Every structure is written in C-alpha cells, then in structure tokens.
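These notes concern the structure reproduced below.
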Amino acid sequence: MNFGKLSGPLLLLFSVFYTAISVAQTEIEEQVYLFSYFTGNGEDGLHLAYSTDGYSYKALNNGASLLSPTVGGDKLMRDPCIIRGGDGLFHMVWTVSWKEKGIGYAYSEDLVNWSEQQFIPVMAHELGARNTWAPEVFYDVDEDLYIIYWSTTIKGLYPETQSQLDDAHNHRQYYVTTKDFKSFSETKLFYEPGFNVIDGTLQKKDGRYYLFVKNETREPAEKNIRIASSNVLTGPYSKAGPPITGDYWAEGPTVTQVDGQWIVYFDKYRKHQMGAVMSPDFNNWTDVSDQVSFPEGTRHGTVFTVDRAFFDDLLLKMK
C-alpha cells in the first residue's frame, strides 16, 4: 500500500493498522487443516490427512497408520478424535471395541510420538452397558476443563425408542470431565433427545455450545445430522433441530471454519465417501459434498488446525 500522501502520526497509525491486517491475513493463510480418521474396522490405527484449503484432503505418511492400537480386547482405533488442549498437547480419544465399557486415550506433543495408551473404563459401573462408542473430547478455554462424551446403549432404558434392528442398539450420550486426564468426574447423562443418538461433536460459538449429533433412529430411518445447543457446557441441551444433511445416511460429523464459513464434514457411510455441508450462521446449510475430497477409504474422525511451521516439522518427522 502507498502511504505517500500521509505523514506524522497519521502515517504511523495507518502503518500499524496495515501491518496488523497483513499479519492477520498471513496467519489465516498459514493455517493447515488436519483430519484424523480410521480405515476398515480401525484395526490398523490412526491415520492423518491434511488440507491447505479445507476442501481437498490428502493422506499423510503415504496413507499408512501413525499409531497402532494396543488397548481394549479388540484393539481397535475407530473414531479417533484429536484436539489441542490448554497445555499445548494433542489429546486423543477413540473407540477401542464394539462391546467394551471404556475408551482409549493417548497424548502427543507432535502427532508422531505418542504416550502410552490408556483404557479409561467410563461405563464399567453400569452393568447393563453394551458398548462405549464414538467418544470425543472438547477443551473449554473459559472453564479450563476437558469434557469427554460418547454414546452407550444401556439394556432396558428408553423402551419408547427401542428397535430390534441395528442389533437393538438404543444409544444416549454420557460424559465425564477432567482437568488432567488422571482423575475424572463421575459418569453422567449428557444428552437425551428423545431418539437413539450417537456421534456427538461440540463447537463453541459466541459463548454458546452447539452439539452436532446423529439421529440414529432406524424405524423409520433417520440417519441424519442435527444440532442442539446450550449455554452450559454440560447441558441441558435443547431439542435437536431439523436435519442439516440430505437424503442419504450420514454419521460422524466434525466442524471447522473455512474462509469465514462453518463447514461440517461427515461420513456418507453407505456410499463409502465423505460429505460436507456449509453455513454462515448454523441456521442455513448448503450441501457442498461435491466440493470436498478425502483419501480413499476414509472413515469418520476429527478436523483440527495447526500452523504452517508445525505442519512443516510434522512432514520432516514423517520422512
């Protein structure tokens, strides 16, 4: 920009303002999107993909797993959810089994070298619990608190929404909170929307918490993504709104911002492909599935961002 006609304090003011804008634009441009995912049944572990534009994702590590699962009877790593916490570490939770009463947890400084994996028995106290699926972790900066939440079917509960299809699963969402991943609160009910619910993911916007969930109802089939909200992290959350996904079965939503727009990626699991919807405001959604691409075989996971310097170091460590 030409400041030739400006002088003195006015020149200084405009120079500082322009520099601030330039720095902000550089930071936005230097952001890299990472996507954690699994393939197959999750038996080979954690996969990562990256994107510089939020639309086209390419596999890292030549598509090979970066971490093999070691905990749980089935030793699976399905639905890997990774966030960066207040401590600067990457924290990951995942589904370890189709039928066990706990989840997997590990942390890393660089996404390549991981801590010893832990099994957290979040539903061990519940005799009727059949599973512990699709856990996610969310860090609330204002509360300096982590919440881990997942879906579980407990035998005999919520008979009004019970179906014998889908192996008679009838999920509700439950949660624990923690400050350090060493001690945890007692397990409590997180979301009971009046339907079979799974695959929750949280996003905080303008001081309000938005919970994206899959309506897992089988009779009649819903299998779509909806949104509930709350002013409090642990709820109660509102009634779920109308579907934001289309006339296909969708699961595993994950949310980020791309060029000022909110985008939700999800797994079109019957079509064996990923999809996406976009919105400026969480109210009006447009299907942009034809604009996104992911590595072949991608199953749902989590999107998060890192800066370019971190990403460049990550590439070097994978060589």
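Per this note's numbering, the very first residue in the sequence shown carries number 1159; after that it's consecutive. We put the beta carbon where it would ideally sit given N, CA and C, even for glycine. No experiment lies behind these values; they were computed from the predicted model shown.
Residue closest to residue i, alpha-carbon to alpha-carbon, out of the options
i	options	result
lysine 1346	Leu1225, Asp1237 and Tyr1307	Tyr1307
methionine 1436	His1430, Phe1452, Pro1411 and Gly1455	Pro1411
valine 1334	Gly1260, Asp1211, Gln1449 and Tyr1423	Gly1260
asparagine 1328	Tyr1304, Leu1303, Asp1357 and Asp1302	Asp1357
leucine 1380	Glu1409, Asn1220 and Pro1394	The residue you asked about is not leucine; residue 1380 is glutamate in the sequence shown. Closest by alpha carbon: Glu1409.
valine 1461	Ile1241, Leu1224, Tyr1349 and Asn1289	Ile1241
isoleucine 1107	Lys1233, Lys1337, Arg1236 and Asn1442	Residue 1107 falls outside the range modelled here, since the chain spans only 1159 to 1477, and no answer is possible.
DSSP beta-bridge partners of residue i
i	result
serine 1451	Ser1214
methionine 1432	Asp1425
histidine 1249	Ile1241 and Tyr1265
histidine 1205	Tyr1195
tryptophan 1420	Gln1415 and Ser1437
serine 1309	Trp1291 and Gln1331
phenylalanine 1462	Leu1192
Neighbourhood of residue i by C-beta, 8 Å cutoff - its chain only, sequence neighbours within 5 removed
i	result
leucine 1472	Leu1218, Asp1268, Leu1269, Val1270 and Val1464
serine 1266	Leu1247, Phe1248, Met1250, Trp1272 and Ser1273
isoleucine 1179	For isoleucine 1179, the predicted structure reports a pLDDT of 45, less than 50, and the residue's modelled location is therefore unreliable. The matter cannot be settled from this model.
valine 1299	Gly1244
Cβ-based neighbour list, residue i, same chain, cut-off 6 Å, excluding 5 preceding and 5 following
i	result
phenylalanine 1469	Val1190
serine 1343	Val1334 and Thr1335
valine 1416	Gly1212
valine 1181	Only weak support exists for where valine 1181 lies, its pLDDT of 44 falling under 50; the value from the coordinates is given anyway. Contacts found: none.
valine 1422	Pro1411, Val1413 and Val1435
serine 1321	Arg1376 and Glu1377
Proximity of residue i and residue j at Cβ, strictly below 7 Å
i	j	result
valine 1254	valine 1295	no
tyrosine 1536	phenylalanine 1193	Since the first and last residues shown for the chain are 1159 and 1477, residue 1536 lies out of range.
glycine 1433	serine 1447	yes
threonine 1456	tyrosine 1208	no
tyrosine 1389	asparagine 1382	With the sequence shown as reference, residue 1389 is identified as asparagine, and tyrosine is not the correct amino acid for it. No.
valine 1229	glycine 1200	no
tyrosine 1332	phenylalanine 1348	yes
tyrosine 1406	leucine 1369	no
Cβ neighbours of residue i in the same chain (closer than 7 Å, five flanking residues each side left out)
i	result
glycine 1286	Ile1312, Lys1313 and Gly1314
leucine 1204	Ser1194, Ser1223, Leu1224, Leu1225, Met1235 and Pro1238
**OP:** Only counting runs of 3 or more residues, tell me where the beta strand (DSSP E) segments fall wholly within the region 1329-1409, in order along the chain.
**Re:** 1330-1336, 1346-1349, 1355-1363, 1366-1373 and 1382-1388
Subject >> Start-end ranges of the beta strand (DSSP E) lying completely within the region 1273-1299, minimum 3 residues >> reply: 1276-1278 and 1291-1298
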